[in-house]
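K.L.:
In the numbering used here, the protein residues as written are 448 to 1054.
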């Protein structure tokens, strides 16, 4: 194993130094919660009786207090394909707990929004705020104090960050995330993309589009492209919060069941009264957060984590920003190409070597912190192995020495790109994220006149009538957390791809989010400060020349300084109601900037 890379070491040291007061306050909090917080020994007889009243055959064990009780927080619903398998998990997990003399109860449930269903709809404006709702729901479930360890059942976009944020406020409790796995591969992603672009051009109808989408998203399990959901699973591995190798095993298999059993058995060991106490708040430290960033960059993961990682870190008293991510990106090579950055999906990635290969190779290259407290092992090195069944017994073997597909997965010594492809771009328009890993380097610099819209549907309408058939930087503003909840602008990907394929120089600039599956079109996203908070994007006018350059880290409007200073910002559109959006007005009004995670909950709490 190589020594830790100098940049990884320097960024980690900077985060540790910056976070000292907040981190110490957090460690003091979780210490007090274990010693004097709400837990079973402090509950009154009435409290405790309510807690075990309906616990069936586990009732006597919970009443006597001699068995470790595992709390299950589930984000199950059977509309969300990734979470549908969780329906039967609690009953299975109770059986697995009894096998080792423990008990388990469902502590609570959280909502689980499917961004695939809500993309492009009014309801997408609830998406980012659902993360904080999930965190609060998690806290409600754990507040009963009935549990000595926790199993988290969640996979998708805002759900894992929300569960983790909520769990970290109970950081004295050991916690393992239990995935359910990706659906088997369906229609090839490039074919799906082709049909989407044909539909955007009006060359195929809705029936053909629906057939392609249904052939892609076709069964229980996580969607197989490498968006936010699968980036979440990668992060849980590199942070050491899964049973090793759990991320990408398909649902309904014997191996999947055995990994769930192993998670429950392990919780009995690392729980409050177990032989190897490992509280979540110590597992998630500054080094684990840096590992999450490194894994994201090395695999070309979702841009949504430029918002989620800072929010997760804040919940543990750790302060990071986009400059940290940018510095790490300069040092971390891109070693995976999974759709939309490549042709294969996460099942192909797993078959090529998967997370075991990635983690081992990054450790050996000095790019991951090996010496973190994980939920499963002495350090992260055991996550460089892969699980399998031998005579129906779960075992781990070394990950493949050589990748099985070097068009998808490579060693750090021969990467697809020398850097991780998530750049900070700054200038007189503010600070934004530019994911370069899926973009041809010839398109990393775009200088063109802007066309300004306040809604992605306005941009789609302009595209359909040919108004964007030219070199253009499409600006979609008033899309930040305060303006409208920061919905993903996924509907723009096919039409902008069409324009680019026609030979035009095209880019997107927005204070909103792109999909976690951000693709081949250059995009400066999460622009901060947002237009609704006085950001300079509100001053842009049609025809202004904007320069976006990943090579120099630039995002600027090329307007005379005096003219720019005198320009009056466009007014923020009125808040829209319907689809429940009005119920989130407090979150919308109080949300902080994207670089901190876009959370009113964390901002008001002073975290």
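From the three backbone atoms N, C-alpha and C, an ideal C-beta is built for every residue, glycine too.
Do residue 868 and residue 994 have their beta-carbon atoms positioned less than 9 Å apart in this structure?
P.N.:
Indexing the chain shown from 1 puts residue 994 at position 547. Indexing the chain shown from 1 puts residue 868 at position 421. Not closer than 9 Å, so no.
K.L.:
Output yes or no for whether 9 Å exceeds the beta carbon distance between residue 802 and residue 730.
P.N.:
Locating residue 802 in the chain shown gives position 355, where the first residue counts as 1. Locating residue 730 in the chain shown gives position 283, where the first residue counts as 1. Contact: no.
K.L.:
Write down the C-beta distance between residue 938 and residue 563 rounded to the nearest angstrom, noting that I regard them as a contact closer than 8 Å.
P.N.:
For this step, residue 938 is matched to residue 491 along the chain shown. For this step, residue 563 is matched to residue 116 along the chain shown. No, residue 938 and residue 563 are not in contact; Cβ-Cβ is about 12 Å, not under 8 Å.
K.L.:
Start and end of the alpha helix (DSSP H) containing residue 904?
P.N.:
Translated into positions along the chain shown, residue 904 becomes position 457. Looking at the DSSP string, the run of the alpha helix (DSSP H) that includes residue 904 is 903 to 911.
K.L.:
For residue 869, name the three-state secondary structure that DSSP assigns.
P.N.:
For the purposes of this step, residue 869 is taken as the residue at position 422 of the chain shown. Strand at residue 869.
K.L.:
What is the residue span of the beta strand (DSSP E) that residue 742 lies within?
P.N.:
Mapped onto the chain shown, residue 742 falls at position 295. Not the beta strand (DSSP E): residue 742 falls in the alpha helix (DSSP H), residues 733 to 746.
K.L.:
Are residue 805 and residue 745 close, meaning C-beta to C-beta below 9 Å?
P.N.:
Here residue 805 is taken as the residue at index 358 of the chain shown, counted from 1. Here residue 745 is taken as the residue at index 298 of the chain shown, counted from 1. Yes, these two residues count as a Cβ contact at 9 Å.
K.L.:
Closest to residue 860 by C-alpha separation, out of 808, 490 and 880, would be which residue?
P.N.:
What you label residue 860 is simply residue 413 of the chain shown in a count that begins at 1. Ranking the options by Cα distance to residue 860, first place goes to 808.
K.L.:
From residue 710 to residue 701, what does the alpha carbon distance come to, in whole angstroms?
P.N.:
The sequence position of residue 710 within the chain shown is 263, counting from 1. The sequence position of residue 701 within the chain shown is 254, counting from 1. Looking at the two C-alpha atoms, the distance is approximately 14 Å.
K.L.:
Please report the straight-line C-alpha distance between residue 889 and residue 952, rounded to a whole angstrom.
P.N.:
Counting from 1 along the chain shown, the entry for residue 889 is found at position 442. Counting from 1 along the chain shown, the entry for residue 952 is found at position 505. Answer to the nearest angstrom: the Cα atoms are 10 Å apart.
K.L.:
Going by Cα to Cα distance, which pick from 717, 532 and 906 is closest to residue 602?
P.N.:
For this step, residue 602 is matched to residue 155 along the chain shown. Of the listed residues, the one whose Cα sits closest to residue 602 is 532.
K.L.:
Count the other CB atoms, across all protein chains shown, that sit within 10 Å of the CB of residue 911; report buried if there are 16 or more and exposed otherwise.
P.N.:
In the chain shown, residue 911 corresponds to position 464, counting from 1. Classification for residue 911: exposed.
K.L.:
For a test of the three-state rule: what should DSSP assign to residue 967, helix, strand or coil?
P.N.:
As a first step, residue 967 must be located in the chain shown, where it is residue number 520. Coil at residue 967, not helix or strand.
K.L.:
Which residue or residues does DSSP assign as beta-bridge partners of residue 874?
P.N.:
As a working note, residue 874 is residue 427 in the chain shown. Paired residues: 877.
K.L.:
Take residue 485 as the anchor and find which of 595, 526 and 527 has the nearest alpha-carbon.
P.N.:
Sequence index remark: in the chain shown, residue 485 carries index 38 (1-based). Cα-wise, what sits closest to residue 485 is 595.
K.L.:
In the DSSP output, which residue or residues are listed as bridge partners for residue 849?
P.N.:
Walking along the chain shown from the start, residue 849 turns up at place 402. Its beta-bridge partners do not exist; DSSP assigns none.
K.L.:
Going by CA-CA distance only, name the one from 599, 542 and 1025 that's closest to residue 569.
P.N.:
Numbered from its first residue, the chain shown carries residue 569 at position 122. Closest by alpha carbon: 1025.
K.L.:
Taking contact to mean at least 3 C-beta pairs separated by less than 8 Å, is the region 832 to 849 in contact with the region 471 to 489?
P.N.:
These segments do not touch.
K.L.:
What residue range does the beta strand (DSSP E) around residue 833 cover?
P.N.:
Stepping through the chain shown from its first residue, residue 833 is reached at position 386. Run containing residue 833: 832 to 837, per the beta strand (DSSP E) assignment.
K.L.:
Looking at C-beta atoms only, is the number of pairs between the region 755 to 764 and the region 643 to 651 that lie closer than 8 Å three or more?
P.N.:
No, they do not touch.
K.L.:
When the Cα atoms are used, what is the spatial distance from residue 713 to residue 607?
P.N.:
For the purposes of this step, residue 713 is taken as the residue at position 266 of the chain shown. For the purposes of this step, residue 607 is taken as the residue at position 160 of the chain shown. Spanning the two alpha carbons is a distance of roughly 20 Å.
K.L.:
Can you tell me whether residue 1052 is helix, strand or coil according to DSSP?
P.N.:
For this step, residue 1052 is matched to residue 605 along the chain shown. Reduced to three states, the DSSP call for residue 1052 is helix.
K.L.:
Cutting at 8 Å between CB atoms, please list the residues of its own chain near residue 990, excluding the five before and the five after it.
P.N.:
For this step, residue 990 is matched to residue 543 along the chain shown. Contacts found: 896 and 897.
K.L.:
Could you pull the start and end residues of the beta strand (DSSP E) that residue 556 belongs to?
P.N.:
In the chain shown, the residue the question calls residue 556 occupies position 109. Here the beta strand (DSSP E) through residue 556 covers 550 to 556.
K.L.:
Tell me, please, whether the region 1000 to 1007 touches the region 1027 to 1038 by the rule of three or more beta-carbon pairs shorter than 8 Å.
P.N.:
With the cut-off at 8 Å, the region 1000 to 1007 and the region 1027 to 1038 do not touch.
K.L.:
At which residue ranges does the region 977 to 1009 contain complete beta strand (DSSP E) runs of 3 or more residues, listed in the order of the chain?
P.N.:
With a minimum length of 3 residues, the continuous beta strand (DSSP E) runs that stay inside the region 977 to 1009 are 992 to 996 and 1001 to 1004.
K.L.:
Do you know how far the Cα of residue 611 is from the Cα of residue 465?
P.N.:
Here the question's residue 465 lines up with position 18 in the chain shown. Here the question's residue 611 lines up with position 164 in the chain shown. Near 22 Å, if we compare the C-alpha coordinates of residue 611 and residue 465.
K.L.:
Verify whether the separation of the beta carbon atoms of residue 615 and residue 536 is less than 9 Å.
P.N.:
To locate residue 615, count along the chain shown from 1; it is residue 168. To locate residue 536, count along the chain shown from 1; it is residue 89. Cβ distance not < 9 Å, so residue 615 and residue 536 don't count as in contact.
K.L.:
Pick helix, strand or coil for residue 661, following the three-state DSSP scheme.
P.N.:
Start at 1 with the first residue of the chain shown, and residue 661 comes out as number 214. DSSP places residue 661 in helix when its eight states are reduced to three.
K.L.:
Leaving out five residues before and five after residue 996 in sequence, what residues of the same chain have Cβ atoms less than 6 Å from its Cβ?
P.N.:
Within the chain shown, the letter at position 549 stands for residue 996. So the qualifying residues of the chain are 892.
K.L.:
Using only CA atoms, which one of 705, 708 and 784 lies nearest to residue 672?
P.N.:
Counted from its first residue, the chain shown places residue 672 at position 225. Here the closest residue by C-alpha is 784.
K.L.:
Between the region 1031 to 1051 and the region 913 to 928, do at least 3 Cβ pairs fall closer than 8 Å?
P.N.:
Touching, yes.
K.L.:
What's the gap between the Cα of residue 944 and the Cα of residue 950?
P.N.:
Within the chain shown, the letter at position 497 stands for residue 944. Within the chain shown, the letter at position 503 stands for residue 950. Approximately 10 Å, taken between the alpha carbons.
K.L.:
Using the beta-carbon count (16 or more within 10 Å), is residue 684 buried or exposed?
P.N.:
The residue labelled residue 684 in the question sits at position 237 within the chain shown. It is buried - the Cβ of residue 684 has at least 16 other Cβ atoms within 10 Å.
K.L.:
Determine, using beta carbons only, whether residue 923 and residue 936 come nearer to each other than 9 Å.
P.N.:
Counted from its first residue, the chain shown places residue 923 at position 476. Counted from its first residue, the chain shown places residue 936 at position 489. Yes, the pair counts as a contact, with Cβ atoms nearer than the cut-off.
K.L.:
According to DSSP, simplified to helix, strand and coil, what is residue 840?
P.N.:
By one-based count along the chain shown, residue 840 stands at place 393. Correct three-state label for residue 840: strand.
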